[in-house]
Amino acid sequence: MAESTLEQPKPGIASLTPDELETPPLSLGQLTWRRFRRHRMAIFGSVVLFLIVIYAFGGMLVFSEAYSNRTETGARLQAPSREHPFGTDTIGRDILARTIYGGQISILIGLTAMLVELLLGVTIGAMAGYFGGRLDSVLMRTTEAVLVIPQIFLLLVMARYFAQSIPNIEFLGRTFSGSVLVIIFVIGITSWPYLARIVRSQFLSVKENDFILAARATGTSTRDIIFRHILPNSIAPIIVSATLSVAAAITLEAYISFLGLGVRPPTATWGNMLEGAYNYVESAWWLWFFPGLLIALIVLSINFLGDGLRDALDPHSRAI
Amino acid sequence: MDPKRILEINNLRTRFHIAEGTVYAVNGVSFALNAGETIAVVGESGCGKTVTMLSILGLIPIPPGEIASGEALYNGHDLLKMTESEMEQIRGKDIAMIFQDPMTALNPVLSIGRQIGETLRVHLAMDKQAIRQRSIELLEQVGIPDPAHRLSEYPHQFSGGQRQRAMIAMSLACLPSILIADEPTTALDVTIQAQIVELIQQFREKMDMAVIWITHDLGVVADMAERVLVMYAGFIVEEALVDDLYEDPRHPYTQALLAALPRVDRRRDRRLLSIPGAPPNLLVEPKGCPFAARCELVFDRCRAEMPPLIQVAPNHHQAACWIDVTTGRKR
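Each protein sequence line maps, in turn, to chains A and B.
Numbering (the working numbering) for the first sequence: 13 to 332.
Numbering (the working numbering) for the second sequence: 452 to 782.
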């Protein structure tokens, strides 16, 4: 309630106006921030994530992309040194520079795969949940059909199937291996079913509320009911799920790239830097240690962040 | 057609097909509403008052709902035959509805300003500045202090009464010609109730708006309505002017209802009467008079045949009963 009628007036405040007596109620955003702030691991995760992003994108200013791709056969498999702080790889490329440019691609893949997943998952889940009936059955059976195929298997088959056909692409003055697009597409198209289910269940419960009936009674169109009334009420689990799916996409990319089916060199990602590193697990630890560490850190920090968001956005949580 | 008649409902039947069978919620309801008139629809919970109104507005979910028959003529156009997009034009603009519980009828994640503005945006295609200006005026008119500031607040920052006022501002934004008020005071405490009734009455006079007031509070009815429809188990059992209904109820159910109501002008030592039994199971297809099982005057024909709603007294006083309750004679 807006009025804090339960609070007993304290002595000495009689001169204040009612407006001054009452602390202004917190908006939903402020409440969320308060709860998020209490979540130490989430704050830790946000900070680490922020540092990694600074590392990947700020590093561009120090090393050029050409440098990260330059092979130096005379300097193969060098251990970390002053000249190459993270060492060099099997064909003499600087690992520090490659983790920087690889990080950009990994983060990019994580974010765009999440967007593809959001687009598919939210649309399909919303349609199924709102319209129900036959459309719901068709969409949900499709969702289940995608779910029963192991995602990794589907990923590998699709990555292999599409990999040959895509040429390199120019974007922002840089050349990317076309396989980046393939990976984004493949990850997006295999990970939406969980999100679709979450969105559907949200829509099923939110659409039964009186305020939806009231909104319809004022002549609000179906499109506005879905996007302006139900979706904002379902946004919390969607945000959480989207956050966690960025981490999942980064892991999946690393996984397929490690198996040699992911992003093609010379474009670096943290995943394809691991490719072949297993031959040198003992002899050249720096090959796998730095990209591996970065993957572990970013996934961990995104998961902490998602966890914090889950608690902070939960409307049932009373903790302030 | 009477030029003043803006809404005419004929033989409306609404059913719901659910797992347990078919719910016969509204069973042939007919009534008419003139421009600027206030009618009250009274009856106990589950008697089909709300379902009737939602059917008229096309807000019954189909399936499981089904409008088995009937027409709802708004200025001569049948609302029940309109497409969804035609109905969207009517809802909120020509016919608005306010709901019983202001705690749940406002979207918790949208600001009050956005919810009031939505009606204006949808129907009047106003620009942002004009919407804001009009929303402030509306909030002011419904008696919310400091409206400019409160537009950006959320429903949880409003008290129950304020929310109902905001709901009223929303429904009246486009100056509808009919307002359906579905028990708008039930969830509020008594002093606020009186204020809300007062507020709607003011608007009705200012805008010459017709009001359909759904309630189970016969006290409120006496205050504001001109005519009353009494509903029971999906039927209209009696229709009369307010005074006629109170002084001369012609249906046994109405008589029993009024006998159950405490009145200041009656002797205090009389016990209030209650109606024995329970309303009929709506899952059974109605046959005969729905009140037969609880009626003292019941005879064979009541159980076999539903009595039609016929004129029983002057001023279009109608009742649906096989017995003339004033004389005890069968019709």
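Ideal Cβ placement from N, Cα and C applies to all residues, glycine included.
Please read these numbers as outputs of a predicted model, since none were measured by experiment.
Residue i to residue j span [Cα, whole Å]
| i | j | result |
| --- | --- | --- |
| A/P277 | A/L286 | 12 angstroms |
| A/A208 | A/A266 | 24 angstroms |
| A/V211 | A/R146 | 18 angstroms |
| B/V679 | B/E517 | 26 angstroms |
| B/D694 | A/I237 | 43 angstroms |
| B/G779 | B/E649 | 40 angstroms |
| B/V662 | B/A632 | 7 angstroms |
| B/M548 | A/T230 | 7 angstroms |
| A/L306 | A/W282 | 8 angstroms |
| A/E294 | A/W300 | 10 angstroms |
| A/P249 | A/L243 | 11 angstroms |
| B/T473 | B/L524 | 26 angstroms |
| A/P92 | B/S562 | 57 angstroms |
| A/T135 | A/V128 | 11 angstroms |
| B/C746 | B/C772 | 11 angstroms |
| A/G11 | A/S246 | Past the boundaries of the shown model lies residue 11 of chain A; chain A is included only from 13 to 332, so the question cannot be answered. |
| B/G809 | B/P606 | Nothing can be reported for residue 809 of chain B: it is not among the residues displayed for chain B, which extend from 452 to 782. |
Neighbourhood of residue i by C-beta distance below 6 angstroms, restricted to the same chain and skipping five residues each side
| i | result |
| --- | --- |
| B/L748 | P703 and I774 |
| A/G318 | V252, T255 and L256 |
| A/G141 | R212, F215 and L216 |
| A/S313 | G57, V60 and L61 |
| A/I181 | F188 and G190 |
| A/I199 | A125, A261 and L264 |
| B/G479 | N462 and R464 |
| A/F174 | V194 |
Bounding residues of the alpha helix (DSSP H) (the contiguous stretch that carries residue i)
| i | result |
| --- | --- |
| A/D319 | W298 to L325 |
| A/N284 | W282 to L286 |
| A/G143 | A quick correction: the sequence has Phe, not Gly, at residue 143 of chain A. A/F143 -> alpha helix (DSSP H) spans I107 to F143. |
| B/M783 | Absent from the structure is residue 783 of chain B, since the part of chain B shown begins at 452 and ends at 782. |
| A/A248 | I247 to F270 |
| B/D633 | Counting along the chain, B/D633 falls outside any alpha helix (DSSP H), though it belongs to the beta strand (DSSP E) covering I629 to D633. |
Neighbour-count burial assignment, residue i, 16 or more Cβ in a 10 Å radius
| i | result |
| --- | --- |
| A/Q42 | exposed |
| B/K738 | exposed |
| A/W45 | exposed |
| A/A54 | buried |
| B/G685 | buried |
| B/D545 | buried |
| A/A68 | buried |
| A/G115 | buried |
| B/T534 | exposed |
| A/V160 | exposed |
| A/E156 | exposed |
| B/S628 | buried |
| B/K781 | exposed |
| B/G494 | buried |
Neighbouring residues, chain A, relative to residue i (Cβ below 8 angstroms)
| i | result |
| --- | --- |
| B/E537 | In chain order: nothing, as chain A lies at least about 11 angstroms away. |
| B/E569 | A227, T230, T232, D236 and R240 |
| B/Q592 | Here the premise fails: no neighbours, minimum Cβ distance about 17 angstroms. |
Contact set between residue i and chain A, taken where Cβ atoms lie within less than 7 angstroms
| i | result |
| --- | --- |
| B/K544 | G231 |
| B/M548 | A229 |
| B/D786 | Since the displayed chain B opens at 452 and closes at 782, residue 786 of chain B lies outside it and no answer follows. |
| B/L510 | L225, R228 and A229 |
| B/S481 | In chain order: nothing, as chain A lies at least about 23 angstroms away. |
| B/M675 | Neighbours of B/M675 on chain A: none; closest Cβ ~21 angstroms, over 7 angstroms. |
| B/T489 | Within chain A, no residue comes near B/T489; the closest Cβ sits about 19 angstroms away, beyond 7 angstroms. |
| B/Q762 | What B/Q762 touches in chain A: nothing, since even the nearest Cβ is about 34 angstroms away. |
Bounding residues of the beta strand (DSSP E) (the contiguous stretch that carries residue i)
| i | result |
| --- | --- |
| B/E591 | Not the beta strand (DSSP E): B/E591 falls in the alpha helix (DSSP H), residues K579 to Q592. |
| B/G472 | G472 to N485 |
| B/A691 | F686 to L692 |
| B/I469 | R456 to I469 |
| B/S520 | G516 to Y525 |
| A/F183 | I181 to F183 |
Closer than 7 angstroms: residue i CB and nearest the ligand SAM heavy atom
| i | result |
| --- | --- |
| A/T135 | The ligand SAM is not part of the structure shown, which contains no ligands of any sort. |
Under 8 angstroms from the C-beta of residue i: neighbouring residues of chain B
| i | result |
| --- | --- |
| A/N245 | N558, P559 and V560 |
Same chain only: Cβ atoms within 8 angstroms of residue i, ignoring 5 sequence neighbours per side
| i | result |
| --- | --- |
| B/L639 | P553, G611, G612, Q615 and I647 |
| A/T5 | Residue coverage of chain A in this structure runs from 13 to 332, which leaves residue 5 of chain A outside it and unanswerable. |
7 angstroms Cβ shell around residue i - same chain, five flanking residues per side excluded
| i | result |
| --- | --- |
| A/L309 | V60 and I64 |
| A/F316 | M53, A54, F56 and G57 |
Partner residues on chain A for residue i, Cβ-Cβ distance less than 9 angstroms
| i | result |
| --- | --- |
| B/H574 | T230 and G231 |
| B/Q646 | Within chain A, no residue comes near B/Q646; the closest Cβ sits about 16 angstroms away, beyond 9 angstroms. |
| B/M621 | A226 and T230 |
| B/T555 | N221, D222, F223 and A226 |
| B/Q615 | Result: empty, since nearest Cβ-Cβ is about 12 angstroms, beyond 9 angstroms. |
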